[in-house]
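In mature numbering (1 follows the signal peptide of the UniProt record, and there is no 0), the protein residues as written are -25 to -1, 1 to 565.
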């Protein structure tokens, strides 16, 4: 089972809000001539707005030499560094200001927090925003609420993000440029929290306020979550009217068509996106998957290697390359290399551990495989396939009890999964628990896309029904199988014909039983078929035929030369005979 890496759909942008430079704030402590400091601040501000930051900082430095506690000089200097992406220098200025200034400290906590946020160090930013909010009190800057909401959003703490984003919306002017972004983040929070209907409401508000293409994109994804795929397509088409050159929109449209199993349409949209942006790694990854499905492995490998060159979707690209090479005997070493690369770039992705576990299982390195599956389950406790494949290892180790326990866990997660029910039925069959075999084969057959051709399941259910004495229903299973056999298949499955003969014999339909035993012997004169035939011949008083078949049986299986003791030895070898049948065999063989 090949699990492809899932490409994240959220498209978000960093919206950090800094205060505008304060040009006319008065110094707190007057250690030098007031007019001189004011002149420096005016000149610094003029340079700053005219985009001459180096000259501006010279003026602010003059102020600080005259007054080391000047709030405005510190603040505007920090802002220049922050806006020029020198966040660490901006943080250092804020730390100096917090050491020497005594008023408006919230500005420095907020600016310092913004810098950490810009560096994607959200854990460091969070307490600083809270300090700013505490100092601001009832006069809190709307931006603090916004940035707190955004920080919680980036930390995936959805409930807290919702609280502060809503506070921002309650306090902000309707014309504020960040309202649309706040609505978008709120919508995404509700979607991630599982409230997709509420998320749609906020996506609609965000689109009405500022119709950015990412708002349409995420709204469409949320509609897909609600299984409203046709509506999702309409949303993407609406976005394409305004943004016909956005490759991401074609990518999303392709994904929707794929989920609708409209493969050709999905290919068309993905190729449109690729024509617009051949460096979009989401598109490249999905192009690779499509080429794989079409068995164009060289092209698939090319797409994945482009992702790696562009340093995008590395985990998915490495993982899918590993899966391709894993199917090529001479490239198995390359498979291991790429599995390890996938883990090196994303060791929090359970699918990477799962796929590597599959690799080790196929190599029969069971201890390493179990380690990988355990890690996958730790990261994603509801990964049913990891439990199933762990069960397969224990089955190989002949620990059927452990395998059954694990298969039941997988089934708890995905109770309507055909394969999980089918596999569990097989485990019960191998452990001779025929009642449970009947239960789970029946469930699997109900879930099968075409139960009429699922011969192996029907056979296991038929055998189990036969063993527990439900001959009539066992007959239905066997007859369903044989009526679909080709001539070649009939020769390969003589045991099914003999089982039909045994069921008819137990039901005292001896002529029907004779017919199927004769067919079984014609296809394959093995001991099981011969025993059935001479038994029914005996019951039909065909003593000559019965004795003749007994002689053949003794040649095929010398144990029968011991008479009924040979039957007892065959039972130890795994053959099954009913009480009624054994009584007849005693009469024939003794």
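From the three backbone atoms N, C-alpha and C, an ideal C-beta is built for every residue, glycine too.
Quantities reported herein were computed from a predicted structural model and do not represent experimental measurements.
Worksheet item: Is the beta carbon of residue 50 less than 8 angstroms from the beta carbon of residue 82?
Response: One thing to note: residue 50 has its Cβ within 8 angstroms of the Cβ of residue 82.
From 448, 334 and 503, pick the residue whose C-alpha is nearest to that of residue 482; which is it? Comparing Cα positions, the closest option is 448.
- Message: Within 10 Å of its beta-carbon, does residue 551 have 16 or more other beta-carbons around it, so buried, or fewer, so exposed?
- Response: Looking at its Cβ environment, which holds fewer than 16 other Cβ atoms inside 10 Å, residue 551 is exposed.
Run the CB neighbour count on residue 169, radius 10 Å, all protein chains shown included, and call it buried at 16 or more, exposed below.
Under this definition residue 169 is an exposed residue.
Practice task
Using only alpha-carbon positions, find the residue among 192, 354, 458 and 332 that is nearest to residue 344.
Solution key: Between residue 344 and the set 192, 354, 458 and 332, the nearest pair of CA atoms involves 332.
What does the alpha-carbon distance come out to for the pair residue 205 and residue 288? Roughly 28 angstroms between the two C-alpha positions.
Exercise. Curious, which full-length beta strand (DSSP E) runs of at least 3 residues does the segment 185 to 273 contain?
Worked result: Complete beta strand (DSSP E) runs here, min 3: none at all.
- So what's residue 373 in DSSP terms, helix, strand or just coil? Reduced to three states, the DSSP call for residue 373 is coil.
Q. Would a check of beta-carbon distances place residue 394 closer than 8 angstroms to chain C?
A. Included in the structure is just one protein chain, with no chain C present.
Handout entry: Member of 300, 261, 268 and 301 whose CA lies at the smallest distance from the CA of residue 282
Key = Among 300, 261, 268 and 301, the Cα nearest to that of residue 282 belongs to 261.
Cβ contact check for the segment 288 to 297 and the segment 306 to 315: 3 or more pairs under 8 angstroms:
By the Cβ test, the segment 288 to 297 is in contact with the segment 306 to 315, since at least three Cβ pairs between them sit closer than 8 angstroms.
* Anyone know if the C-beta pair for residue 505 and residue 527 falls short of 8 angstroms? -> Less than 8 angstroms divides the Cβ of residue 505 from the Cβ of residue 527.
Please state whether DSSP places residue 291 in a helix, a strand or coil. Residue 291 sits in a helix when the DSSP states are folded into three classes.
Only counting runs of 4 or more residues, tell me where the alpha helix (DSSP H) segments fall wholly within the segment 377 to 405, in order along the chain.
Counting only runs of 4 or more, we get 393 to 405.
(request) Return the chain-ordered list of same chain residues with a C-beta closer than 6 angstroms to the C-beta of residue 553, the five sequence neighbours on each side being excluded. (result) Once the five neighbours on either side are set aside, residue 553 has no close Cβ partner at all.
* Asked: Nearest-angstrom Cα distance between residue 136 and residue 25?
  -> Each residue's alpha carbon lies about 36 angstroms from the other.
query = Which one of 316, 160 and 359 has the shortest CA to CA distance from residue 138?
reply = Among 316, 160 and 359, the Cα nearest to that of residue 138 belongs to 160.
Quick one: residues in its chain with C-beta nearer than 8 angstroms to the C-beta of residue 200, no 5 flanking neighbours on either side, listed in chain order?
Contacts found: 166 and 171.
Requested in this report: Please state whether DSSP places residue 551 in a helix, a strand or coil.
Outcome: If DSSP states are grouped into helix, strand and coil, residue 551 belongs with coil.
Exercise for the section: Would you tell me roughly how many angstroms separate the C-alpha atoms of residue 497 and residue 470, rounded to the nearest one? Expected result: Cα to Cα, residue 497 sits roughly 11 angstroms from residue 470.
Check: What did DSSP end up calling residue 353 once you bin it into helix, strand or coil?
Finding: Looking at residue 353 - three-state DSSP - the assignment turns out to be helix.
Report the three-state DSSP secondary structure of residue 444 (helix, strand or coil).
The answer is coil: DSSP assigns residue 444 none of H, G, I, E or B.
Q: Please classify residue 365: does DSSP put it in a helix, a strand, or coil?
A: Correct three-state label for residue 365: helix.
Determine the DSSP secondary structure at residue 484, reduced to helix, strand or coil.
-> DSSP places residue 484 in coil when its eight states are reduced to three.
**OP:** Taking residue 382 and residue 397 to be in contact with their CB atoms under 8 angstroms, please state how far apart those CB atoms are, rounded to whole angstroms.
**Re:** Contact between residue 382 and residue 397 is absent: CB atoms are separated by about 10 angstroms, not below the 8 angstroms threshold.
Could you pull out every residue in the same chain whose Cβ sits closer than 6 angstroms to the Cβ of residue 255, ignoring the five residues on either side in sequence? Cβ within range, chain order: 222.
Quick check on DSSP: helix, strand or coil for residue 51? Correct three-state label for residue 51: helix.
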